[in-house]
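The numbers in the sequence shown follow my numbering, run straight up by one, and end at 283. Don't be surprised by glycine CBs; every beta carbon is placed ideally from N, CA and C. Quick caveat: nothing in here was measured; it's all calculated off a predicted structure. To keep things clear, I will list the structure first and then write my remarks on it.
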Amino acid sequence: MLYLRRLAFLVLFLSTTPILAQSDFVPFRLQNGFLILVTGSIGPLPDLTFIVDTGAYRTVVDAAVAKNLGLAGRSDQVLAAGRSLPVERVELPALQFGPVLVTRHSALSMDLKAISSRSGVPIHAVVGLDILRSKSFLIDYKQTRIYFGQATVAGPVLAFDPTSPYLVVTLKIESEPIRLLVDTGADQISLFAHRVPAGLQKHSQMEASGTSAAGQVAARFFRASKVDYSAPRGHAKLVFIVPGEPDFIAYDGHLGVRSLGAARVYFDLAHNLMSWED
Numbered sequence: 006m007l008y009l010r011r012l013a014f015l016v017l018f019l020s021t022t023p024i025l026a027q028s029d030f031v032p033f034r035l036q037n038g039f040l041i042l043v044t045g046s047i048g049p050l051p052d053l054t055f056i057v058d059t060g061a062y063r064t065v066v067d068a069a070v071a072k073n074l075g076l077a078g079r080s081d082q083v084l085a086a087g088r089s090l091p092v093e094r095v096e097l098p099a100l101q102f103g104p105v106l107v108t109r110h111s112a113l114s115m116d117l118k119a120i121s122s123r124s125g126v127p128i129h130a131v132v133g134l135d136i137l138r139s140k141s142f143l144i145d146y147k148q149t150r151i152y153f154g155q156a157t158v159a160g161p162v163l164a165f166d167p168t169s170p171y172l173v174v175t176l177k178i179e180s181e182p183i184r185l186l187v188d189t190g191a192d193q194i195s196l197f198a199h200r201v202p203a204g205l206q207k208h209s210q211m212e213a214s215g216t217s218a219a220g221q222v223a224a225r226f227f228r229a230s231k232v233d234y235s236a237p238r239g240h241a242k243l244v245f246i247v248p249g250e251p252d253f254i255a256y257d258g259h260l261g262v263r264s265l266g267a268a269r270v271y272f273d274l275a276h277n278l279m280s281w282e283d
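Here you go:
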């Protein structure tokens, strides 16, 4: 999960299979079981490694890449896991991976060493929702490909909040309605500490840790016996409690896409829906 911000379920069922233009795809490597890594380019620099992350609202390029390209930026600050981090606002000459190409794109630049360390490989950029939202796409974890275009996927469907600039869905954890950001850069369900409903505070919690753009983060977790989408499977889900900014209320936490246990996940951005199948 890489969530960066300025300092300043509806459940349905379908019964068809994916249909997509086979030419519009990009292969990816699944790192650590959940991180989606693709190869791309920024300006004249080829063979760079990007994380595809719906949990990042803005695309972020590593400071070393920005320096190599001679990109002059404007200093700013972002928040990550309650910590203020220095960034620069830069304009990328072009960014491309597979069929996705953007030119003269405004992005953030910061040191991505913590992300690279977590990933186990050098990360040159995190491709965020500002780029991903331009076209519907399907993540096929079995074929390790991202397909771009319209599709139909068998399985449950969640509706994104049409009033939010983020990919936010509402589901229930132990009957408590929770607003979660759908995050391909995370593998678990997490709630911000200041957004945990009183009904969930009673659960016995254990100590844990995680990582973000700010580095190591102290966390806690509990086992939820009932989460909307997992109830038919009859097994508990781990829910992590992580730091968050007290004045941030756009959503309550993150829904790590890999926590769905799905083989394919489709982001229908034309209709503000996501669906998945085993």
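Neighbourhood of residue i by C-beta distance below 8 Å, restricted to the same chain and skipping five residues each side
i, result
"M211", "R225, F226 and F227"
"V126", "Q36, L42 and T54"
"S195", "M6, G215, A224, V244, F245, I246, V247, G258, H259 and G261"
Opposing strand residues paired with residue i [DSSP bridges]
i, result
"Q206", "None; Q206 has no bridge partner."
"Q193", "Paired residue(s): none; Q193 is not in a bridge."
"I178", "E181 and V232"
"E212", "R225"
"S114", "V66 and E93"
Beta-carbon spacing of residue i, residue j below 9 Å
i, j, result
"V158", "L143", "yes"
"H199", "E179", "no"
"S114", "A68", "yes"
"S264", "D273", "no"
"L76", "I56", "no"
"Y271", "S141", "yes"
"G60", "T189", "yes"
"V95", "Q101", "no"
"L97", "A112", "yes"
"E306", "R79", "Outside the shown range of the chain, which is 6 to 283, sits residue 306, and nothing can be said about it."
"A275", "Y171", "no"
Residue i: first and last residue of the uninterrupted beta strand (DSSP E) it sits in
i, result
"A164", "G160 to A164"
"D273", "R269 to D273"
"V244", "K242 to V247"
"D67", "V65 to D67"
"L40", "L40 to I47"
"S141", "Looking at the DSSP string, S141 is not in any beta strand (DSSP E), and its letter there is neither H nor E."
"S280", "L278 to E282"
"A130", "A130 to V132"
"A264", "The sequence given here has Ser at residue 264, not Ala. No beta strand (DSSP E) holds S264; DSSP gives it neither H nor E."
"R34", "R34 to Q36"
Residue i CB to nearest heavy atom of the ligand SAH below 8 Å
i, result
"T54", "By its list of ligands, the structure shown contains no ligand whatsoever, and the ligand SAH lies outside what it can speak to."
Nearest-angstrom Cα separation, counted from residue j out to residue i
i, j, result
"L278", "F165", "6 Å"
"A130", "G261", "20 Å"
"V201", "G48", "43 Å"
"I369", "Q193", "In the structure displayed, the chain extends from 6 to 283; residue 369 sits before or after that span and is not available."
"A236", "D58", "Because A236 sits at a pLDDT of 42, beneath the cut-off of 50, its placement in the model cannot be relied upon, and the following sentence gives the value as read from the coordinates. Distance between the alpha carbons of A236 and D58: 27 Å."
"L50", "S122", "22 Å"
"R63", "Q206", "32 Å"
"G249", "G133", "20 Å"
"A156", "Q148", "16 Å"
"V173", "G258", "9 Å"
"I120", "R184", "25 Å"
"F153", "L137", "10 Å"
"G45", "G204", "45 Å"
"D145", "K72", "34 Å"
"D252", "L186", "17 Å"
"G103", "F197", "34 Å"
Same chain, Cβ closer than 6 Å to residue i, neighbours up to 5 away in sequence not counted
i, result
"R150", "F30 and P32"
"L117", "D67 and I128"
"G266", "none"
"V232", "I178 and K242"
"R34", "L42"
Residue range of the unbroken alpha helix (DSSP H) whose run includes residue i
i, result
"R150", "From DSSP, R150 is part of no alpha helix (DSSP H) but of the beta strand (DSSP E) over R150 to F153."
Close-in-space but distant-in-sequence residues of the same chain around residue i (CB under 7 Å, 5 per side omitted)
i, result
"E282", "V158, A159, G160, A267, A268 and R269"
"P182", "T175"
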